[in-house]
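One structure below.
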Ligand SMILES: CC(C)(COP(=O)(O)OP(=O)(O)OC[C@H]1O[C@@H](n2cnc3c(N)ncnc32)[C@H](O)[C@@H]1OP(=O)(O)O)[C@@H](O)C(=O)NCCC(=O)NCCS
């Protein structure tokens, strides 16, 4: 049976989830998301749901451009007409005979997406704003009617986005003479990041993301954050490069392709590039509206960091601590008590949303500091956030020349030992702390010596 306290916990969780969603909507409103959607998803029963989720994003004020993937539809068309098609390093060689079918397949896929958008009352618009030229002959391989992007008509796209349209761009480009070329939709999505200011680029396909299990890691990827399904959640460009170079054998083609293009897109100007599985219900919403989504994200700029707390962070700090204060894990704090010692506090933020905090208080002897108020939001526990905060505070204490750090804890003894803390006693505390020690609470004292460390 569900108890009253279970109900109020559920309500609190729901409220904090809604708050998180609002904060993300606020942040992403007006930003541009480019979505490359694999055509292999189009016959999946959840495809209309995926399109509906994209429409929700659009209605929340996010600008959207859709690039349909066309590989499967082109293969199907060519098969019907018994035309062979080959690839060189993942790029299709498009013959003269294959080109009309390629165009047909590309436009067909775009048309299908357009129908779904229209059925939901959204204004999709299909067009070709891409100038292309022949890829030519590379290393003796003739790519025939496969082209590369020369220019994208940025102004037209920007006006359409300002008018609230959802542009759908099939991967066909034309040269000045009106000859069509088959271009890669992945290249198109990536190239758009050079022309438009892109908040997020999504590769939506049948891959869950990059699985952490079995990955060979190097100095930059020793610690990889993963979600509940074991998918690497977020990595920066350097980590993506290291994973690619160390795991050529381990990653599958789609994962390697994603990482390589994500690196390229980030370098071209995209802030975040996500790989999500369109076959999983709600994956795109999860990816947008939670700090650690369903798939893998490569980010260009700082994504998570520990930084000094500001006055605006106090409500978030209190919210994270609230539950632990109620359970007696942390001593009570108020807005006033935190603001008095604000410069002692740091927060851990992901995409500017706060998920953890901690503080380092100094004492009269100038030799000892107290590590206090370390807390991690319930849905971010066990992902290394606490570890990052504590290591940051220990490094700060060393830098500021303290000889030792102490802390008082009732519930997290075992968690602190691996940092090098050892059992201490009330006698180890600086005088003012000794005088205010609460014998009723009976917290354990742990001490970490910073000398010779
Ligand atoms: C203790 C706390 C800060 C750890 O943060 P975190 O980000 O979840 O920790 P990390 O991800 O770095 O480490 C997770 C590991 O520590 C373990 N762990 C978490 N809390 C623990 C505790 N109280 N005692 C012992 N081990 C603990 C987890 O089981 C996990 O182990 P695993 O990696 O083998 O699965 C967090 O759980 C918290 O906010 N607790 C409530 C507040 C509190 O007690 N603060 C300390 C008082 S100053």
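In my numbering, the protein residues as written are 874 to 1326. Just so you know, even glycine gets a beta-carbon here, dropped at the ideal spot from N, CA and C. Quick caveat, the model's predicted, so the values are computed rather than measured.
Query, Result
"Limits of the unbroken alpha helix (DSSP H) element including residue 1133", "1126-1141"
"Distance between beta carbons of residue 1018 and residue 969, contact taken as under 8 Å", "6 Å"
"Rounded C-alpha distance that separates residue 1072 from residue 1251", "28 Å"
"Selection from 1314, 1300, 1313 and 1294 that minimises the alpha carbon distance to residue 1321", "1294"
"Those runs of the alpha helix (DSSP H) which lie wholly inside the segment 896-964 and span at least 4 residues", "920-932 and 944-953"
"Residue range of the unbroken alpha helix (DSSP H) whose run includes residue 1115", "1110-1119"
"Distance cut-off 6 Å: residue 1284 Cβ against heavy atoms of ligand 1", "yes"
"Reduced DSSP secondary structure (H/G/I, E/B, other) of residue 1220", "strand"
"Residue interval of the alpha helix (DSSP H) (run including residue 991)", "972-992"
"is_contact[residue 994, chain C] using C-beta, thresh 7 Å", "Considering every chain present, this structure includes no chain C. It has just one protein chain."
"Status (buried if at least 16 other CB within 10 Å, exposed otherwise) for residue 1291", "exposed"
"Backbone CA spacing between residue 916 and residue 926 [nearest angstrom]", "17 Å"
"Cβ separation of residue 1105 and residue 1135, assumed to be a contact under 8 Å, to the nearest whole Å", "Their Cβ separation, rounded to whole angstroms, is 12 Å, which puts residue 1105 and residue 1135 out of contact at 8 Å."
"Residue 1245 - DSSP class collapsed to helix/strand/coil", "strand"
"Coarse secondary structure for residue 1177, derived from DSSP in three states", "strand"
"Three or more C-beta pairs below 8 Å linking the segment 1224-1243 and the segment 1294-1312", "yes"
"Sufficient close CB pairs (3 or more, under 8 Å) joining the segment 1171-1191 to the segment 1208-1219", "yes"
"For residue 1147, the three-state DSSP class (helix, strand or coil)", "strand"
"Residue closest to residue 1309, alpha-carbon to alpha-carbon, out of 889, 1296, 1204 and 1260", "1204"
"Those residues which DSSP pairs with residue 1040 across a bridge", "998"
"Contact under 7 Å by Cβ, residue 1082 with residue 1168", "yes"
"Proximity of residue 958 and residue 1044 at Cβ, strictly below 7 Å", "no"
"Proximity to residue 1142 [Cα-Cα], best of 882, 907 and 943", "907"
"Contact set for residue 1058: own chain, Cβ-Cβ below 7 Å, skip 5 residues either direction", "909, 940, 941, 942, 943 and 1044"
"Beta-bridge pairing of residue 1277 - partner residues as DSSP gives them", "1241 and 1322"
"According to DSSP, residues forming a beta bridge with residue 1047", "1004 and 1053"
"Proximal residues to residue 995 (C-beta, below 7 Å), its chain only, five neighbours per side dropped", "928, 931 and 1039"
"Within 7 Å, strictly: CB atoms of residue 989 and residue 1162", "no"
"8 Å Cβ shell around residue 868 - same chain, five flanking residues per side excluded", "A question about residue 868 goes unanswered here, because the residues of the chain that appear run from 874 up to 1326."
"Cβ-Cβ distance between residue 1041 and residue 1077 below 7 Å", "no"
"Three-state secondary structure assigned by DSSP to residue 1231", "strand"
"beta-carbon residue 1058 near ligand 1 non-hydrogen atom, thresh 6 Å", "no"
"Residue 1245 beta carbon less than 7 Å from that of residue 1194", "no"
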